[in-house]
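Quick notes on the structure that follows.
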Amino acid sequence: MLKKSFLLYLFVLILSIGCNKHETLYKVVGVKDGDTMVLLSPDNQSITVRLAEIDAPEKSQAFGQAAKQFTSDLCFGKMVKLIGNQHDRYGRTVGQVELENGTSVNYEIVKQGYAWQYRAYSKNMALAVLEQHAREGRLGLWQDANPTPPWNFRKEAKTHKVEKKVKKIKKPYKKRKPRKKRDTVAF
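Below is the structure:
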């Protein structure tokens, strides 16, 4: 009986919290790339947000600028809800962003073909389906016959940077020219 009462109390408590939930709205004041934006909180605090579960092309990558422009057109200057409060190793908040009408920014970017589902961090079947439809419809980055996922692009760029450093360090030894003999008298 005590267990049932506790469960009922817990259920009512959770329900009441959900009903009285006041959702904070943030203004999108910057778009850094296709999956990163800057939000302004009601108390004028700037928050850099990395969109969860998706990975858009890097700015220097094919479709990187197009992905940034799409994200900007979708939400720049608009009021949004931020869902999630985890942080990545760069100190960015990682989360889902929704427009006031309930449209998921994360989903919309994948749906229109400007990002991949980030499978290393997402097992979301809805995102997988949206990506597949974008691929089949050749939307956004899927216009390219064989687009490079951003995680591979970053890995290749890092490898290239390391190889360049190693080449710089391992310059071949140049043999010096022999010195001229000075002050010698020939007989």
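Throughout the sequence shown, residue numbering follows the working numbering, covering 1019 to 1205 in sequence.
Note that beta-carbon positions come from the ideal geometry of N, C-alpha and C, so glycine has one too.
Quick caveat, the model's predicted, so the values are computed rather than measured.
1. Using a threshold of 8 Å, state whether the C-beta atoms of I1065 and W1134 are closer than that.
2. Among the candidates K1050, I1101, F1081, whose CA atom is the shortest distance from the CA of G1120?
3. Measuring only the C-alpha atoms, how far is A1152 from L1092?
4. For G1052, count neighbouring C-beta atoms within 10 Å of its own C-beta (all shown protein chains included) and say buried if the count is 16 or more, exposed if not.
5. Between the Cα of V1112 and the Cα atoms of A1070, R1156, K1096, which residue gives the shortest distance?
6. Quick check on T1111: does DSSP put it in helix, strand or coil?
7. Pull up the distance between the alpha-carbon of D1106 and that of Y1139, whole angstroms please.
8. Taking A1080 and D1162 to be in contact with their CB atoms under 8 Å, please state how far apart those CB atoms are, rounded to whole angstroms.
9. For V1115 versus E1149, is the C-beta distance shorter than 8 Å?
10. In terms of residues, what are the limits of the beta strand (DSSP E) holding S1064?
11. From the DSSP output, which residues share a beta bridge with G1048?
12. Can we count V1123 as close to the ligand GTP, meaning its CB is less than 7 Å from some heavy atom?
13. Run the CB neighbour count on G1095, radius 10 Å, all protein chains shown included, and call it buried at 16 or more, exposed below.
14. Is DSSP giving V1128 helix, strand or coil here?
15. For Q1150, report the span of its alpha helix (DSSP H) as first-last.
16. Can you round the beta-carbon distance between K1086 and L1043 to whole angstroms, since I take them to be within the 8 Å contact cut?
17. DSSP three-state call for N1164: helix, strand or coil?
18. Among S1122, R1110, Q1104, whose alpha-carbon lies nearest the alpha-carbon of T1089?
19. Going by alpha carbons, who is nearest to M1055 out of K1045, E1041, W1160?
20. Could you round the C-beta distance between Q1130 and G1158 to whole angstroms and report it? I think they count as a contact, below 8 Å.
From the atom records:
1. no
2. I1101
3. Whole-angstrom Cα-Cα distance: 17 Å.
4. Around the beta carbon of G1052, 16 or more other beta carbons lie within 10 angstroms, which makes this residue buried.
5. A1070
6. strand
7. Their Cα atoms are separated by approximately 12 Å.
8. 6 Å between Cβ atoms; contact.
9. no
10. 1064 to 1069
11. V1056
12. With respect to the ligand GTP, the structure shown offers nothing to examine, as it has no ligands at all.
13. exposed
14. helix
15. 1143 to 1154
16. At roughly 23 Å, the Cβ-Cβ gap does not stay under 8 Å, so K1086 and L1043 are not in contact.
17. DSSP, reduced to helix, strand and coil, places N1164 outside both helices and strands of the structure shown, so it counts as coil.
18. S1122
19. K1045
20. 6 Å
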